[in-house]
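Sequential numbering from 1 applies to the sequence shown in this note's numbering.
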Amino acid sequence: MAKKHDENLCKFAYWNGFAVGAICTRVEANPDCQGRNRIYIMTLGVLAAYRNHGIGSKLVASVLDYFEAEKDGKLSTVDEIMLHVQTSNSDAMEFYGTKFGFEKGELVENYYKRIDPPHCYILRKKLR
1 MAKKHDENLC
11 KFAYWNGFAV
21 GAICTRVEAN
31 PDCQGRNRIY
41 IMTLGVLAAY
51 RNHGIGSKLV
61 ASVLDYFEAE
71 KDGKLSTVDE
81 IMLHVQTSNS
91 DAMEFYGTKF
101 GFEKGELVEN
111 YYKRIDPPHC
121 YILRKKLR
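Quick look at the structure:
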């Protein structure tokens with residue numbers, strides 16, 4: 001039996017009954033701040049034919065809205081939201097930076113094992 005996770009941290013977007021996008025995040029320990037946590041965006045994807053219709057933005061906004069609703073409750077130990085973005089993915093860096101105020105952080109070399117280039121940047125947004 002699988003442990004049920006918080007459904008507000010992983011969501012699908014539907015168009016005419018078909019899943020066209022998804023976001024999946026998790027709450028994890030923040031190694032930079034003992035006793036504190038962060039939301040980590042594991043994946044965000046929208047099928048190519050449905051991009052540029054605000055679906056990805058709505059998925060990210062739904063996670064940020066959930067944080068706002070639970071910042072004094074379930075998510076009271078969460079201080080930031082972060083993700084890894086491949087160095088060549090300028091569209092993603094612009095999407096997160098322009099629309100949501102994420103800041104580009106350090107370069108992580110050889111983060112990815114099966115894609116080229118294998119390097120990524122950490123993008124993060126302080127929530128408190």
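The beta-carbon is built from N, C-alpha and C at its ideal position, and this holds for glycine as well.
- request: List the whole-angstrom C-beta distance separating residue 107 from residue 121, where the pair is believed to meet the contact cut-off of C-beta under 8 Å.
  value: 6 Å
- prompt: Mind checking residue 56: buried by the 16 CB within 10 Å criterion, or exposed?
  reply: buried
- prompt: Expressed to the nearest angstrom, what Euclidean distance is found between the alpha-carbon atoms of residue 67 and residue 87?
  reply: 27 Å
task: Along the beta strand (DSSP E) that carries residue 25, what are the first and last residues, could you check?
output: 18-29
- request: Please determine, among 115, 58, 82, the residue with the shortest C-alpha to C-alpha distance to residue 32.
  value: 82
query: Smallest Cα separation from residue 123: which of 109, 113, 101?
result: 101
query: DSSP state of residue 95, grouped into three classes?
result: helix
query: Given that a residue counts as buried once 16 or more other Cβ atoms are within 10 Å of its Cβ, and exposed if not, what is residue 43?
result: exposed
field: Check whether residue 127 and residue 79 have beta carbons under 9 Å apart
entry: yes
message: Can you tell me whether residue 116 is helix, strand or coil according to DSSP?
response: coil
message: So the candidates are 118, 72, 69; which of them puts its Cα closest to the Cα of residue 84?
response: 118
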